[in-house]
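Asker: Got a structure for you, written out below as structure tokens; questions coming shortly.
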Amino acid sequence: MVKNVYMDNAATTPVKKEVLDEMLPYFTEKYGNPSSIYRLGREGKAAIDDSRNKVANAIGANPKEIYFTSGGSEADNWAIKGVAFANKKKGNHIITSKVEHHGILHTCEYLERNGFDVTYLDVDENGIVDLKELEEAITDKTILISIMFANNEIGTIQPVKEIGEIAKKNGVFFHTDGVQAVGKIEIDVDDLNIDMLSMSAHKIYGPKGIGALYIRKGVKIHPHIHGGAQEKNRRAGTENVPSIVGFAKAIEMACENIDEHNKKLIKLRDKLIKDIANNISHVKLNGHPEKRLSNNVNFSFEFIEGEALLLSLDMVGVAGSSGSACTSGSLDPSHVLLSIGLPHEIAHGSLRLSLGDFNTEEEVDYVVENLITIVDRLRKMSPLYENVKEDK
Amino acid sequence: MYSEKVMDHFSNPRNVGEIENADGVGQVGNPKCGDIMKMYLKIEDDVIVDIKFKTFGCGSAIATSSMATELIKGKTIEEALKLTNKAVAEALGGLPPVKMHCSVLAEQAVKAALLDYSKKNGIEIEQLKDFDPDEDVHEH
Ligand SMILES: Cc1ncc(COP(=O)(O)O)c(C=O)c1O
Ligand SMILES: [Zn+2]
Numbered sequence: 043m044v045k046n047v048y049m050d051n052a053a054t055t056p057v058k059k060e061v062l063d064e065m066l067p068y069f070t071e072k073y074g075n076p077s078s079i080y081r082l083g084r085e086g087k088a089a090i091d092d093s094r095n096k097v098a099n100a101i102g103a104n105p106k107e108i109y110f111t112s113g114g115s116e117a118d119n120w121a122i123k124g125v126a127f128a129n130k131k132k133g134n135h136i137i138t139s140k141v142e143h144h145g146i147l148h149t150c151e152y153l154e155r156n157g158f159d160v161t162y163l164d165v166d167e168n169g170i171v172d173l174k175e176l177e178e179a180i181t182d183k184t185i186l187i188s189i190m191f192a193n194n195e196i197g198t199i200q201p202v203k204e205i206g207e208i209a210k211k212n213g214v215f216f217h218t219d220g221v222q223a224v225g226k227i228e229i230d231v232d233d234l235n236i237d238m239l240s241m242s243a244h245k246i247y248g249p250k251g252i253g254a255l256y257i258r259k260g261v262k263i264h265p266h267i268h269g270g271a272q273e274k275n276r277r278a279g280t281e282n283v284p285s286i287v288g289f290a291k292a293i294e295m296a297c298e299n300i301d302e303h304n305k306k307l308i309k310l311r312d313k314l315i316k317d318i319a320n321n322i323s324h325v326k327l328n329g330h331p332e333k334r335l336s337n338n339v340n341f342s343f344e345f346i347e348g349e350a351l352l353l354s355l356d357m358v359g360v361a362g363s364s365g366s367a368c369t370s371g372s373l374d375p376s377h378v379l380l381s382i383g384l385p386h387e388i389a390h391g392s393l394r395l396s397l398g399d400f401n402t403e404e405e406v407d408y409v410v411e412n413l414i415t416i417v418d419r420l421r422k423m424s425p426l427y428e429n430v431k432e433d434k
Numbered sequence: 477m478y479s480e481k482v483m484d485h486f487s488n489p490r491n492v493g494e495i496e497n498a499d500g501v502g503q504v505g506n507p508k509c510g511d512i513m514k515m516y517l518k519i520e521d522d523v524i525v526d527i528k529f530k531t532f533g534c535g536s537a538i539a540t541s542s543m544a545t546e547l548i549k550g551k552t553i554e555e556a557l558k559l560t561n562k563a564v565a566e567a568l569g570g571l572p573p574v575k576m577h578c579s580v581l582a583e584q585a586v587k588a589a590l591l592d593y594s595k596k597n598g599i600e601i602e603q604l605k606d607f608d609p610d611e612d613v614h615e616h
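Protein chains in written order, with my numbering: chain A, 43 to 434; chain B, 477 to 616.
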């Protein structure tokens, strides 16, 4: 009876067959170094050029503005550090938010230890930054605004276009971490005034360890890896051709019919949200009710702890994730859940279920059915639940 | 990351529940850190004849509560006081380092319940003289 239900697609996704098929020849047959001049090398080079076009196409950019990286974390690091060090003469102030991925937050903390000032904007109870606060935070020392496109834990989508406009108006570069947004939200970097965009392949059915940073022409940024002339002297190292090809195929597939993908995902998402809310008491949906990723469901279950919930789900074959301290290995629950104002004990009891192209309605039913039993069992064990029952 | 023993005690915890008119009740931890354990004792002639627990917490918090109750059920107060967090962890086949605090909490919960028993009965328990059930043991 135990099924395997994978609902942690925000953590990573399986590589699609079509993606793998495109990649395979570049391991064993077309293995040449793209910098070599003979045919085998030129084949690799052509594959990279073609891939760069596809990635650029997916976000309305010029291929010359796409730089392949080892993934989202590297793109985040490069954008922040690269702009910070290249614009030191102009200023040392960076604005970001409290709900960013650690790829941004820990990079900013590193810069703070090295002479930069960072403003971490608060978010409201749904996880959205305040545009007025953003505007007020800008000083003549501000060189960069980095606000994520969509949040990986609670799925909240930021007003990216408006942020882009504010950045442009004030002559400040705007970076956005689009790792969770790519393939789920239509992105046109010109329309949205985005100067830099982080992307990652493994969230969109591509391989792990590959991604890209979009850098608008004219953005002042230092090279990231010093060495060979790859990526226009900005990111050295022999290119990971199979992964680049896989990433390009994945982003192409993800972006060619976003609306159709989303229609299916939103249907499953809303069913999951409705079924949990209707069948389990004392729950709270985290994140914005409407401005949220098509695949994100995040609930807090009062009186129980997230890791116990995850282990119980795992025993019936369901894979999810939690923002509880016990799953992060630190004392505090997730910084995102605390930033939207959840008390510690509610944040500990959070569960993120993130849907993907392979999930079905039957799986949603299976998960909800099991959740009802599991939450009931854990609450019966919880000393926090006693008083609640007495209230009734 | 967890041993089979831990998973067994997590999925089939022993002695879950409450004891009405318990002779001693102890609660440790707080919701902020994510773990709360509550222990109920029934004591006759210095012997723990029954023990029950309730826990809000992660997998290892539930498993260590369960194991602690199993280790001291039927034991004398004297023996129960010798229960250490290490003994609980070992009986479970070990715990990941970040989860050792859960076993400390289990030891504390037993002591807190025994302290409550001693207070209710006007008994002085030498080993609990310096014991503070509200002490923060959380060090992930
Ligand atoms: C919002 C966000 N940014 C960055 C990353 C890091 O991406 P990668 O795993 O490719 O380094 C992730 C994924 O964990 C993410 O969700
Ligand atoms: Zn804990």
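Backbone N, C-alpha and C fix where the C-beta goes; we use that ideal spot for every residue, glycine too. No experiment lies behind these values; they were computed from the predicted model shown.
Using a cut-off of 8 angstroms between C-beta atoms, extract the partners of Ser366 of chain A located in chain B.
Answerer: Gly510, Cys534
Asker: Got a sec: is the Cβ-Cβ distance from His377 of chain A to anything in chain B below 7 angstroms?
Answerer: no
Asker: Strictly below 7 angstroms CB to CB, what residues from chain A border Lys514 of chain B?
Answerer: What Lys514 of chain B touches in chain A: Pro425.
Asker: Report yes or no: is there a C-beta of chain B within less than 7 angstroms of the C-beta of Leu413 of chain A?
Answerer: False, the Cβ-Cβ gap to chain B never drops below 7 angstroms.
Asker: If you draw a straight line from the alpha carbon of Asp92 of chain A to that of Ser366 of chain A, how long is it in whole angstroms?
Answerer: In a straight line, the C-alpha of Asp92 of chain A is about 43 angstroms away from that of Ser366 of chain A.
Asker: Is Gln222 of chain A near ligand 1 - that is, is its Cβ less than 6 angstroms away from at least one heavy atom of it?
Answerer: Flag set: Cβ of Gln222 of chain A near ligand 1.
Asker: I need the DSSP call for Gln603 of chain B, collapsed to helix, strand or coil.
Answerer: Three-state DSSP puts Gln603 of chain B in a helix.
Asker: Could you check whether the Cβ of Val523 of chain B sits closer than 7 angstroms to any Cβ belonging to chain A?
Answerer: no
Asker: Counting only runs that start and end within the region 540-603 of chain B, where is the alpha helix (DSSP H) found for 4 or more residues in a row?
Answerer: 553-557, 561-567, 576-596
Asker: Count the other CB atoms within 10 Å of the CB of Glu611 of chain B; is the residue buried (16 or more) or exposed (fewer)?
Answerer: exposed
Asker: Say whether the region 332-350 of chain A touches the region 192-200 of chain A, bearing in mind that this needs 3 or more beta-carbon pairs closer than 8 angstroms, one atom from each stretch.
Answerer: By the C-beta criterion, the region 332-350 of chain A is judged to be in contact with the region 192-200 of chain A, since at least 3 inter-stretch pairs fall below 8 angstroms.
Asker: Taking Ile346 of chain A as the query, report the chain B residues whose CB atoms sit under 8 angstroms from its CB, ordered along the chain.
Answerer: Phe532
Asker: Take the Cβ of Tyr80 of chain A as the centre, count every other Cβ of all protein chains shown within 10 Å, and call the residue buried at 16 or more, exposed below.
Answerer: exposed
Asker: Which word fits Lys434 of chain A, buried or exposed, when buried means at least 16 other C-beta atoms lie within 10 angstroms of its C-beta?
Answerer: Because Lys434 of chain A carries a pLDDT of 45, less than 50, the predicted location of this residue cannot be relied on, and no value is offered for it.
Asker: What I want to know is whether the C-beta of Ser242 of chain A ends up closer than 6 angstroms to one or more non-hydrogen atoms of ligand 1.
Answerer: yes
Asker: Suppose only complete runs of 3+ residues qualify. What are the beta strand (DSSP E) ranges in the region 126-187 of chain A, listed by chain order?
Answerer: 135-139, 159-163
Asker: Using a C-beta to C-beta distance shorter than 7 angstroms, which residues of chain A count as neighbours of Gln503 of chain B?
Answerer: Pro425
Asker: Provide the residue span of the beta strand (DSSP E) that contains Ser392 of chain A, from first to last.
Answerer: 392-396
Asker: For Glu207 of chain A, which three-state DSSP category applies?
Answerer: helix
Asker: Which residue wins for smallest C-alpha separation from Phe345 of chain A, given the options A:Lys245, A:Val417, A:Asp317?
Answerer: A:Val417
Asker: Quick one: which chain A residues come within Cβ less than 9 angstroms of Ser677 of chain B?
Answerer: Within the shown structure, residues of chain B are numbered from 477 to 616, placing residue 677 of chain B beyond reach of any answer.
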